[in-house]
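I have placed the structure first, in the form of C-alpha cells, so that the comments after it can refer back to it.
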Amino acid sequence: MLKFDWFAAPCAYALRPVRSDAYGLSQMESEDRAMDINSVGIVGAGQMGNGIAHVFALAGFDVLMTDINQDALDKAVALIERNMDRQVSREKITEAEKSAAMARIKTTLKLTDLGQTDLVIEAATERETVKQAIFEDLLPHLKPETILTSNTSSISITRLASRTDRPEKFMGFHFMNPVPVMQLVELIRGIATDDATYRALLKVVEKLGKTAASAEDFPAFIVNRILMPMINEAVYTLYEGVGSVKSIDESLKLGANHPMGPLELADFIGLDTCLAIMNVLHEGLADTKYRPCPLLTKYVEAGWLGRKTQRGFYDYRGDVPVPTR
Ligand code: CAA
59 MLKFDWFAAP CAYALRPVRS DAYGLSQMES EDRAMDINSV GIVGAGQMGN
109 GIAHVFALAG FDVLMTDINQ DALDKAVALI ERNMDRQVSR EKITEAEKSA
159 AMARIKTTLK LTDLGQTDLV IEAATERETV KQAIFEDLLP HLKPETILTS
209 NTSSISITRL ASRTDRPEKF MGFHFMNPVP VMQLVELIRG IATDDATYRA
259 LLKVVEKLGK TAASAEDFPA FIVNRILMPM INEAVYTLYE GVGSVKSIDE
309 SLKLGANHPM GPLELADFIG LDTCLAIMNV LHEGLADTKY RPCPLLTKYV
359 EAGWLGRKTQ RGFYDYRGDV PVPTR
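This is the structure:
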C-alpha cells in the first residue's frame, strides 16, 4: 500500500526539522550563509534601474550598473546624485553617507561584467523578448550561486525562469517608482524558486529598510493587477468624454486622497509600460475587462509616453505641465 510522505510534500518542506552539520550550523543556516549578498548587478539605468542602484548603494551594497549606452549610465549616475542631494538637504541622509554610497556605484557597458555579482536585478524595458535576450547573454558568465531576478511589473516569473539554467535561484523582485520613496517591494516566486532564495531576498529587503509583500506568480502580481486597470479605466473615462484630464486627476486626488491623479501617475510610470502591463493582463487572464483603452494605444503610437518623452496626458515642455486633452 502506498504511504504518503508528508515531509516530501512541498508545502510541508518548511516544517521539516533542520539538521545540524559538523560546524553546528543547521542546514537552513548554512544554505542562507552561502547566499550572503554583498554585491548587486543592475541591468538597465532607466528610472527603475537608477532608483534601485540608489537604494542598494545607500544600504551598503556594492553596485554595478549596466546599460547599452554610456550616455544612459552617465545620466543615471547624475540623477542618483541629485536625488541623494535632495535627501541630504532634507536631512534624511548625511553628506558622508551620500559620498560613501556614490563611491559604491560603478558602471559598465559590458553586461557580462555583472557575472561576478551575488545578485542580478534585470530592470530593462518591459518586453519579454528583451528580458530573455539579456538573460541568454548573461547566463554563461554568471557564478553558479548568483541569484537572478527581474524587476518585471507583470511578466510570468515561471516562464522567464524556465529559460535560464537556475529556475530555483530565480525570482521576481518588483520595486515601485520612485524607488527611494516607496516602501514596498513585491517578491514573486516562480514555480521552481527554492526557499533559500526566497529567504535571501527577504533579508535583502530588510537591509534596504523596505517592506516585502509576497505575491503569487499570476499576471501583474498584486500592485499592478489592481493599479493598472484603474489607470486604464481613467483613460476610458477620458476617451468617452466623461471628464477632462484635469477633472479626472483632481477627482481622484481630492475625492479619494490619491497623491497623484491616475493620468498624472500614468505619465510618471510611462504610457508604454502601462500599455505593456495591460496587454499582459489581457492576454494572460483572457478577460475583456482588461482590454487596453484605444486612447492609451494611440498615445503610445504617437511616442507620447509621458514624462520621459516630455509629453503624455500632460505636456511637460513648459514651466508647468499642461493637459493635452
Ligand atoms: N529620490 C529621493 N527622494 C525623492 C524622490 C526621488 N526620486 N522623489 C521624491 N522624493 C522625496 C522628496 O524629497 C520628498 O521628501 P520629504 O518627504 O522628506 O519632503 C518626498 O519624496 C515627496 O516628494 P515631493 O515633495 O517632491 O513631491 P510630492 O509630495 O508630490 O510626492 C511622490 C511625490 C512621492 C512621487 C508622490 O506624488 C507619490 O507618492 N505618488 C504616487 C507614486 C506611486 O503611486 N508610485 C507607484 C507607481 S506603480 C509602480 O511603480 C509599479 C509599476 O510596476 C508600474
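So for the sequence shown, our numbering puts the first residue at 59; every next one is plus one. Each residue gets a CB set at the ideal place from its N, CA and C atoms; glycine is no exception.
Bridge-paired residues (DSSP) for L242: Translated into positions along the sequence shown, residue 242 becomes position 184. DSSP output for L242 lists T269 as bridge partner(s).
CB of G370 within 8 angstroms of CB of G376, strictly: For the purposes of this step, residue 370 is identified with residue 312 of the sequence shown, where counting begins at 1. For the purposes of this step, residue 376 is identified with residue 318 of the sequence shown, where counting begins at 1. The answer is no: Cβ separation not under 8 angstroms.
Among F279, A159 and G342, the one whose alpha carbon lies nearest that of L245: Locating residue 245 in the sequence shown gives position 187, counting from the first residue. Taking only the C-alpha atoms, the option nearest L245 is F279.
Euclidean distance between Cα positions of A182 and G102: Against the sequence shown, residue 182 aligns to sequence position 124. Against the sequence shown, residue 102 aligns to sequence position 44. Each residue's alpha carbon lies about 5 angstroms from the other.
Alpha carbon of A80 to alpha carbon of M93, nearest angstrom: Within the sequence shown, the letter at position 22 stands for residue 80. Within the sequence shown, the letter at position 35 stands for residue 93. Because the pLDDT at A80 is just 45, under 50, the model does not fix this residue reliably, and the value given afterwards should be weighed accordingly. Cα to Cα, the separation comes out at about 19 angstroms.
Closer than 7 angstroms: I246 CB and nearest ligand 3 heavy atom: Although ligand 3 was asked about, the structure shown includes only ligand 1 as ligands.
Distance between beta carbons of L206 and R224, contact taken as under 8 angstroms: In the sequence shown, counting from the first residue as 1, residue 224 sits at position 166. In the sequence shown, counting from the first residue as 1, residue 206 sits at position 148. Going by Cβ atoms, the distance from R224 to L206 rounds to 6 angstroms, so yes, they are a contact pair.
Any non-hydrogen atom of ligand 1 closer than 7 angstroms to R369 Cβ: Working through the sequence shown from its first residue, we reach residue 369 at position 311. Answer for R369: no, Cβ out of range of ligand 1.
Check: S211 C-beta below 7 angstroms from any heavy atom of ligand 1: Counting from one through the sequence shown, the residue named residue 211 turns up at place 153. Yes, the Cβ of S211 comes within 7 angstroms of a heavy atom of ligand 1.
Distance, F233 Cα to A33 Cα: Nothing can be reported for residue 33: it is not among the residues displayed for the chain, which extend from 59 to 383.
Span separating the alpha-carbon of L169 from that of T346: Counted from its first residue, the sequence shown places residue 169 at position 111. Counted from its first residue, the sequence shown places residue 346 at position 288. Going from the Cα of L169 to the Cα of T346 covers about 39 angstroms.
Neighbourhood of H199 by C-beta, 7 angstroms cutoff - its chain only, sequence neighbours within 5 removed: Numbered from 1 along the sequence shown, position 141 holds the residue referred to as residue 199. The residues are T170 and G173.
Three-pair Cβ contact test at 8 angstroms for the stretch 187 to 194 versus the stretch 140 to 160: no
Delimiting residues of the beta strand (DSSP E) encompassing M229: Position 171 of the sequence shown, counted from the first residue, corresponds to residue 229. M229 -> beta strand (DSSP E) spans F228 to F233.
Short CB-CB distance (under 8 angstroms) between R369 and chain B: Included in the structure is just one protein chain, with no chain B present.
The stretch 277 to 293 in contact with the stretch 312 to 326 per 3-pair CB rule at 8 angstroms: yes
Same chain, Cβ closer than 8 angstroms to T382, neighbours up to 5 away in sequence not counted: Looking up residue 382 in the sequence shown gives position 324. Counting only Cβ-Cβ distances below 8 angstroms, and skipping sequence neighbours, we find V303, W362, R369, G370, F371, Y372 and D373.
Whole-number beta carbon distance between A130 and A159, since they are thought to touch under 8 angstroms: Residue numbering aside, residue 159 sits at position 101 when the sequence shown is read from its first letter. Residue numbering aside, residue 130 sits at position 72 when the sequence shown is read from its first letter. Going by Cβ atoms, the distance from A159 to A130 rounds to 20 angstroms, so no, they are not a contact pair.
Distance between T216 and M142 (C-alpha atoms, nearest Å): Residue mapping note: residue 142 aligns to position 84 of the sequence shown, counting from 1. Residue mapping note: residue 216 aligns to position 158 of the sequence shown, counting from 1. C-alpha separation (whole angstroms): 35 angstroms.
Own chain, CB closer than 7 angstroms to S272, minus 5 neighbours either side, in chain order: Residue mapping note: residue 272 aligns to position 214 of the sequence shown, counting from 1. Contacts found: L245.
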